[in-house]
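Participant: According to the numbering used here, the sequence shown is numbered sequentially starting from 295. Note that the Cβ used here is the ideal one computed from N, Cα and C, for glycine as well. Below is one structure. I have some questions about it.
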Amino acid sequence: MKNIDWGKLSFSYTKTDYIAYSTFKDGKWSPAKLIPDADIPVSPYAGAFHYASGCFEGMKAFRGADGKVRLFRPEENAKRMVRSAGYLDLACPSIEQFIDMCVMVVKANAEYIPPFETTASLYLRPLLIGTNPQLGIRSSSESTFMVMASPVGTYSGDKILVPGTAVISRNHDRAAPNGSGSYKVGANYAQSLHPYNLAHKQGYRELLFTDALTHQYIEEFGSSNFFAIKGNTYITPDSKSVLPSITNASLRTLAESLGMKVEMRPIPVTELSEMDEANSCGTAVVITPLSRIDDKVRLEDETPSHIYKFGDECGPKSRALYEKMIGIQKGLIDDPFGWIMFVDC
Ligand code: PLP
Ligand code: COI
């Protein structure tokens, strides 16, 4: 195992040894190979650079209590990439190739998988980009698929389950009602960069987007989905422009298994005043609680028009969900859902 201060890791790039790499040209994929984790030669005319012809995934490899290495629901990530690539009309690896290359990169970088005792994990970043040289606006005819790996700690850089603040954006949109919001394409993240900078400059940890049509309903964070707890009910937005989060889908199943009611429906911002617990959820953030969500007419305003408070400690239901989720991912409790794939390394 590498000599890394695992406890100090946040969600940032740490160089590892290998990237799994394959290219699509003349109608077929090249055999997947390992290349060094270093710069790669790509045409400056590649569609990915100019027309955002690219999509990606995020997943984690965990070292379990039994020393075994686990991937969480990789097939779901593979299927979502097929959907995202379909949106871009970009050639995409099959589910089998996607998973094989994830396994390949985990094995090749096994020394970077953090020890069980830490809260760190090995983050995998599958990336599909259009790479043929082009000028006109059209889908790329050649693509490159890579799976990168990097050990990471918490997304917030804080200890796990430490609540942070978020601000609601009503005047900067992430995704149009009939746009790309439900696909994991790079373009969605470009839309969020400037408003994130505004939010971060004001000291907020997260930015919560509203629907682009009315700005009355909660959509999701730039990095993750939103869910709240009201009494014994798990509530999360139902929207065509929100990314279908694998973590959120899994938490809904876990919530039901814990005897909670689950609602997936439009959530007016004003309903936040009735919520007991509010969180972001996703692969990178896992479950990250919110202590406060500020509503602003304009993100640039100094003073919020309304403040919603959820307390300075993670709520009990959110904590129970976190423990179940991490318990399965790290092999501390049984996986009755068949979510875990073991990697022999
Ligand atoms: N929403 C956005 C915008 C994201 O980037 C992510 C991260 O992948 C999520 C939600 C959570 O999705 P998942 O749980 O599949 O990681
Ligand atoms: C993930 O959770 O995997 C994401 O892609 C979100 C981003 C913050 C890295």
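At a cut-off of 7 Å, is A340 close to the ligand PLP when judged by its beta-carbon and the heavy atoms of the ligand?
Facilitator: Counting from 1 along the sequence shown, the entry for residue 340 is found at position 46. Because no heavy atom of the ligand PLP lies under 7 Å away, the Cβ of A340 does not count as near it: no.
Participant: For my contact list, M554 and N519 are in at a C-beta cut-off of 8 Å; report their separation, rounded to the angstrom.
Facilitator: For the purposes of this step, residue 554 is taken as the residue at position 260 of the sequence shown. For the purposes of this step, residue 519 is taken as the residue at position 225 of the sequence shown. The Cβ separation is near 17 Å, so there is no contact.
Participant: Measure the alpha-carbon distance for F305 versus M442 and round it to whole angstroms.
Facilitator: Position 11 of the sequence shown, counting from 1, holds the residue named residue 305. Position 148 of the sequence shown, counting from 1, holds the residue named residue 442. About 14 Å.
Participant: On the DSSP bridge list, what partners appear for S415?
Facilitator: Counting from 1 along the sequence shown, the entry for residue 415 is found at position 121. Bridge partners of S415: V446.
Participant: So Y528 is in the beta strand (DSSP E); what residue range does that whole segment cover?
Facilitator: If you number the sequence shown from 1, residue 528 lands on position 234. Per DSSP, Y528 belongs to the beta strand (DSSP E) from 527–530.
Participant: Expressed to the nearest angstrom, what Euclidean distance is found between the alpha-carbon atoms of I523 and P560?
Facilitator: Here residue 523 refers to the residue found at position 229 of the sequence shown. Here residue 560 refers to the residue found at position 266 of the sequence shown. Rounded to the nearest angstrom, the two C-alpha atoms are 15 Å apart.
Participant: Could you say if the segment 322–336 and the segment 295–313 meet the contact criterion of at least three C-beta pairs nearer than 8 Å?
Facilitator: yes
Participant: Where does the unbroken alpha helix (DSSP H) through A484 begin, and where does it stop?
Facilitator: Locating residue 484 in the sequence shown gives position 190, where the first residue counts as 1. Unbroken alpha helix (DSSP H) run through A484: 480–495.
Participant: Just to confirm, is the Cβ distance from A578 to G352 under 8 Å?
Facilitator: Numbered from its first residue, the sequence shown carries residue 578 at position 284. Numbered from its first residue, the sequence shown carries residue 352 at position 58. Their beta carbons are under 8 Å apart, which means A578 touches G352 by this criterion.
Participant: Can you tell me where the alpha helix (DSSP H) holding S612 begins and where it ends?
Facilitator: For the purposes of this step, residue 612 is taken as the residue at position 318 of the sequence shown. Start and end: 610–623.
Participant: Quick one: residues in its chain with C-beta nearer than 7 Å to the C-beta of C608, no 5 flanking neighbours on either side, listed in chain order?
Facilitator: Residue 608 sits at position 314 when you count from the first residue of the sequence shown. Sequence-distant partners of C608 (beyond 5 residues in either direction) whose C-beta falls short of 7 Å from its own C-beta, in its chain, are L455, P457, P583.
Participant: Between the C-alpha atoms of A484 and I540, what's the straight-line distance to the nearest angstrom?
Facilitator: Taking the first residue of the sequence shown as position 1, residue 484 is located at position 190. Taking the first residue of the sequence shown as position 1, residue 540 is located at position 246. Whole-angstrom Cα-Cα distance: 22 Å.
Participant: Looking at C-alpha atoms only, which residue of K495, I529, S535 is the closest neighbour of L507?
Facilitator: Walking along the sequence shown from the start, residue 507 turns up at place 213. Selected option, being the one with the closest Cα: S535.
Participant: Rounded to a whole number of angstroms, what is the C-alpha to C-alpha distance between G625 and M558?
Facilitator: Here the question's residue 625 lines up with position 331 in the sequence shown. Here the question's residue 558 lines up with position 264 in the sequence shown. Distance between the alpha carbons of G625 and M558: 29 Å.
Participant: For S450 and chain B, any beta-carbon pair shorter than 8 Å?
Facilitator: The structure shown has no chain B; it contains just one protein chain.
Participant: Measuring CA to CA, which of F350, Y511, P445, E436 is closest to F658?
Facilitator: Limits of the chain in this structure are 295 at one end and 639 at the other, which puts residue 658 out of reach.
Participant: For C575, which of helix, strand or coil comes out of DSSP?
Facilitator: Position 281 of the sequence shown, counted from the first residue, corresponds to residue 575. DSSP places C575 in strand when its eight states are reduced to three.
Participant: Ordered along the chain, which non-local residues of its own chain (more than five positions away) have a Cβ less than 8 Å from that of I587?
Facilitator: Indexing the sequence shown from 1 puts residue 587 at position 293. So the qualifying residues of the chain are T459, A460, V461, I462, L502, L566, A572, I601, Y602, F604.
Participant: Tell me, to the nearest whole angstrom, how far the beta carbon of I407 is from that of R357; I am working on the premise that it is less than 8 Å.
Facilitator: In the sequence shown, residue 407 corresponds to position 113, counting from 1. In the sequence shown, residue 357 corresponds to position 63, counting from 1. Confirmed, Cβ separation roughly 5 Å.
Participant: Quick one: any contact between the segment 410–423 and the segment 368–388, if contact means 3 or more CB pairs under 8 Å?
Facilitator: yes
Participant: For the segment 337–348 against the segment 474–484, are there 3 or more C-beta pairs whose distance is under 8 Å?
Facilitator: yes
Participant: Is any heavy atom in the ligand PLP found nearer than 7 Å to the beta carbon of G352?
Facilitator: What you label residue 352 is simply residue 58 of the sequence shown in a count that begins at 1. Flag set: Cβ of G352 near the ligand PLP.
Participant: Count the other C-beta atoms from every protein chain shown that fall within 10 angstroms of the C-beta of G424, then say buried if there are 16 or more, exposed otherwise.
Facilitator: The count along the sequence shown starts at 1 and reaches residue 424 at position 130. G424 comes out buried.
Participant: Closest by CA to K322, which one among Q391, F350, N297?
Facilitator: Working through the sequence shown from its first residue, we reach residue 322 at position 28. The candidate whose alpha carbon is nearest that of K322 is Q391.
Participant: With a CB to CB cut of under 8 Å and the five nearest residues on each side skipped, what residues in its chain are close to P538?
Facilitator: As a working mapping, residue 538 is identified with position 244 in the sequence shown. So the list reads R374, S476, once near-sequence residues are dropped.
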